[in-house]
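Below you'll find the structure, written out as structure tokens, and then a few comments.
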Amino acid sequence: MKALVTVLLTLLFAAQGIAADTSTPPARTAGEYALNFGAVYVAQWSVYLITQEKTVADHGSWDNFTSYPFKPEFDKDSFDYNIFKHALAGQYYYLFYRYRGYTETEAFVWTFLSSLAFEFAVETYTEPPSIQDIYQTPVFGTLVGMGFERLSHHLRGQDSAWMRALGYALNPFTLLPNYPQELAAMPNVGTDSLGLNVSWRY
């Protein structure tokens, strides 16, 4: 639960603006692309350190981090575990990029890149990259994200408060107002504490 809260807080505070449609987006600077990608990367590290604390302590090393990227393999996780776990992670990547103004195609591409970043530049601290995860996370995550985005939009238009609440729960990024441009968020993860440092300049 703490891991889910951390990733949502990080991405919610990093996401500026409201939902975008699928029309041609305005041109972005390299810095904007880097900021969005970096927000997801910080969230990935935060979740990994929280949920894999024992694994990191027992097996983590920077030697692994530099050598494992060259040794991808098929992991031994069960098929259903892989599907549900990575679809859940991938749909948050996708929804984050969508609500940063990316088109559906762009959001899929950046979800794929974020998945690569996790496999080759986060998880390699403890284990080799998983070949299945490289494609399962962006593909299934995008499919789930597209479905949740549309269902959320439909539910938020209903008269029932419960239906609207469910719509926001399916896509928490829809809770965001128009945020100022100069906003930064960084998780603060300690051995016995969890926090979020937020800088807001307006």
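Per the numbering used here, the sequence shown starts with residue 939, numbered consecutively.
Just so you know, even glycine gets a beta-carbon here, dropped at the ideal spot from N, CA and C.
Whole angstroms are fine: how far does the CA of L1114 sit from the CA of L1093? Distance between the alpha carbons of L1093 and L1114: 17 Å.
Best match in N1109, M1084, Y1019 for proximity to T1041 [C-alpha to C-alpha]: It is M1084 whose Cα lies nearest to the Cα of T1041.
R1088 versus D1001: straight-line alpha-carbon distance, rounded: For R1088 and D1001, the distance between alpha carbons rounds to 44 Å.
My guess is that P1007 and T1049 are in contact by the Cβ rule of under 8 Å, so how many angstroms apart are they, rounded? That belief does not hold up - the Cβ atoms of P1007 and T1049 are roughly 20 Å apart, past 8 Å.
According to DSSP, simplified to helix, strand and coil, what is S1005? DSSP places S1005 in helix when its eight states are reduced to three.
Given that a residue counts as buried once 16 or more other Cβ atoms are within 10 Å of its Cβ, and exposed if not, what is I1069? By the 10 Å Cβ count, I1069 comes out exposed.
So P1067 and F1058 are in contact, right, with Cβ under 8 Å, and what is the actual spacing, rounded? Between the beta-carbon of P1067 and that of F1058 there is about 5 Å, and that keeps the pair under the 8 Å contact cut.
CB contact flag (Y1031, V978, <8 Å): In this structure, the beta-carbon distance from Y1031 to V978 falls below 8 Å.
Inspect the beta-carbon positions of Y1063 and V994 and report whether they are closer than 8 Å. Between Y1063 and V994, the CB-CB gap stays under 8 Å.
Rounded to the nearest angstrom, how far is the Cβ of Y1035 from that of N1109, given a contact under 8 Å? About 13 Å; that fails the 8 Å criterion.
Between E1065, T1112, G1039, L1033, which has its C-alpha nearest F1012's C-alpha? Nearest of E1065, T1112, G1039, L1033 to F1012, Cα basis: E1065.
Relative to the C-alpha of A1055, which residue among A968, Q1096, I1072, S984 is closest? Checked all of A968, Q1096, I1072, S984; the closest Cα to A1055 is I1072.
Reduced DSSP category for Y999 - H, G, I as helix; E, B as strand; rest coil: What sits at residue 999 in the sequence shown is Ser, not Tyr. DSSP places S999 in the coil class of the three-state scheme, outside both helix and strand.
What is the DSSP secondary structure of E1011, counted as helix, strand or coil? Looking at E1011 - three-state DSSP - the assignment turns out to be strand.
Do you know how far the Cα of A1027 is from the Cα of T1043? Spanning the two alpha carbons is a distance of roughly 18 Å.
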